[in-house]
Amino acid sequence: MAEIKKQPRFRTVIANDLIEKVKQLVLVSRNIVITCHVSPDGDALGSSFALWYVLKGLGKTVNVVTADCAPRALQFLPGVRELVAATRQGDRARELLASADLIFCMDFNDPSRVDRLMNSLVNSKARKIVIDHHLDPRIEADVIISRPEVSSTSALLYLVLWQSHWTRYLNRSAAACIYTGMMTDTGNFSYNSNDPDLYLIIYDLMRKGIDKDNLYRLVMNTASESRVRIMGYGQYKMQLLPAHKAAIITLSEEQLKEFDYTKGDTEGLVNVPLSIPEITYSVFLREDADNCVKVSMRSKGEFSVSRMCEEHFGGGGHTNAAGGEFKGSLDMAIQKLLDIIPLYDEYL
Ligand code: 5GP
Ligand code: MN
2 MAEIKKQPRF RTVIANDLIE KVKQLVLVSR NIVITCHVSP DGDALGSSFA
52 LWYVLKGLGK TVNVVTADCA PRALQFLPGV RELVAATRQG DRARELLASA
102 DLIFCMDFND PSRVDRLMNS LVNSKARKIV IDHHLDPRIE ADVIISRPEV
152 SSTSALLYLV LWQSHWTRYL NRSAAACIYT GMMTDTGNFS YNSNDPDLYL
202 IIYDLMRKGI DKDNLYRLVM NTASESRVRI MGYGQYKMQL LPAHKAAIIT
252 LSEEQLKEFD YTKGDTEGLV NVPLSIPEIT YSVFLREDAD NCVKVSMRSK
302 GEFSVSRMCE EHFGGGGHTN AAGGEFKGSL DMAIQKLLDI IPLYDEYL
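Residue numbers (the numbering used here): 2 to 349.
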């Protein structure tokens, strides 16, 4: 085994000086906080809790702090009951960030992505390490491991741990967390999933005892009645703009109420129109409270929805999955979208 470890088994290699810095910062720190982006998804929580288990294994005091709670579909995730969410424990979340000596920022690269915890994060005197796979980091930190070509932060974390010789601290629970992040950020290995490294990682996670079929069922194939109905209704209401190869789904606050919507119920809805071969990108507008519309976009191939979200909705993300926000009513958001869509025809 030792012999195999010395060989470059993985194609993705992280600079050794970054790995050494991470190891050194971890070893000299006692009180560590891990945080991830607002509305945490499988990758954000998966990478955070996998790291939580590893750092606990190394004898550290460690907490995972987020702006808001885990969605229902991820409540099963090992460790997630220990999450300190600012929506429920605001003071504690802020205190933990302020008193940490090291903060790991997982699955985001812009401080605004921690939402209400932004000031506490930015003002904390803690050393900071970013492990992330989004484009264009805009964050100050002591170490930034940014690899947009890696399909999930969870896979990237595994590679960091592997190069650190710390994968022995990945117990079965941590392995399940990493697998969950890898699975959710690739649509169960249906996009961004041609990198052979992913399958070497999975091989190791399975040897640590994960039940990948059960994880699929828990995360991707478990839904509430409201989710099943809302997904159907959203698809029924979909509008196609064939001339622009675009699809739009909108749900108003009133409609969401009618369907007894809870957070996470519309996860994945934006992906559905992409199954139509003539559609290159899909936009989902969800009207939240406070005159705010959440924008979610997905695309196929080279067409960049992160550019659209950055240029018009104060957001960003990846080429094929991005999001942002619109301040105003749903009708205003729809009008803005219809105005900008023709501007992107040249990239189709
Ligand atoms: P979703 O559509 O699932 O909410 O988000 C898809 C991806 O878009 C996320 O992984 C994240 O990278 C990006 N994203 C979503 N919302 C925002 C936002 O408000 N700001 C930025 N910068 N990125 C976002
Ligand atoms: Mn991610």
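Backbone N, C-alpha and C define an ideal beta-carbon position, used for all residues, glycine too.
For the pair D108 and A127, the CB atoms are not nearer than the 8 Å cut-off.
Within the same chain, Cβ atoms closer than 7 Å to the Cβ of C310 are found at V296, M298, G316, G317, G318, A323, G324 and G325, the five residues on either side in sequence being excluded. Going down the chain, each residue whose beta-carbon is closer than 5 Å to a heavy atom of the ligand MN shows up: D44, D108, T154 and D186.
Sorting I335, F304, T181 and L122 by C-alpha distance to the C-alpha of T251 places I335 at the top. In this structure, S147 lies near P138, with their beta-carbon atoms less than 8 Å apart. In this structure, D69 has its CB at a distance of at least 7 Å from all heavy atoms of the ligand 5GP. Between the C-alpha atoms of L216 and C70 there is a straight-line separation of about 20 Å.
When secondary structure is reduced to three states using DSSP, Q336 falls in the helix class.
Relative to the ligand 5GP, the beta carbon of E150 is positioned no closer than 7 Å to any heavy atom.
The beta carbons of K61 and R31 sit closer together than 8 Å. Annotated three-state conformation of D133 is strand, per DSSP. Under the three-state reduction of DSSP, Q76 is assigned to coil, being neither helix nor strand. In the structure shown, the three-state DSSP call for N215 is helix. Under the three-state reduction of DSSP output, N32 falls in the strand class.
DSSP, reduced to helix, strand and coil, places M232 within a helical segment of the structure shown. Straight-line measurement puts the Cα of E254 at about 7 Å from the Cα of A290.
Less than 8 Å separates the beta-carbon of I140 from that of P112.
Not one heavy atom of the ligand 5GP is found less than 7 Å from the C-beta of H313. A residue is called buried when at least 16 other Cβ atoms come within 10 angstroms of its Cβ; R114 meets this threshold and is buried.
Counting the other CB atoms within 10 Å of its CB gives D266 a total of 16 or more, which places it among the buried residues. When rounded, the separation of the alpha-carbon atoms in A68 and S121 is 11 Å. Proximity to Y54 across V29, V81 and G43 peaks at V81, based on C-alpha coordinates.
V161 and I20 have their C-alpha atoms roughly 7 Å apart. Shown here, A142 sits in coil according to DSSP, grouped into three states, outside any helix or strand.
By the neighbour-count definition (other C-beta atoms within 10 Å, threshold 16), S191 is an exposed residue.
Beta-bridge analysis with DSSP links S283 to A248 and R299.
In the DSSP assignment, M107 forms a beta bridge with C37 and I132. Under the three-pair Cβ rule at 8 Å, the segment 181-201 counts as touching the segment 33-47.
By the neighbour-count criterion, in which 16 or more other beta carbons inside 10 Å mark a residue as buried, H135 falls on the buried side. Contact between the segment 233-248 and the segment 93-101 is absent: fewer than three C-beta pairs spanning the two stretches fall below 8 Å. From the listed residues G188, Y159 and W163, the smallest Cα separation to A177 is found for Y159.
Here the C-alpha atom of L331 lies approximately 12 Å from the C-alpha atom of I249. Around the Cβ of E83, a 10 Å sphere holds fewer than 16 other Cβ atoms; the residue is exposed. Per the DSSP secondary-structure output, E288 pairs in a beta bridge with V294. For N64, the enclosing beta strand (DSSP E) starts and ends at T62 to T67.
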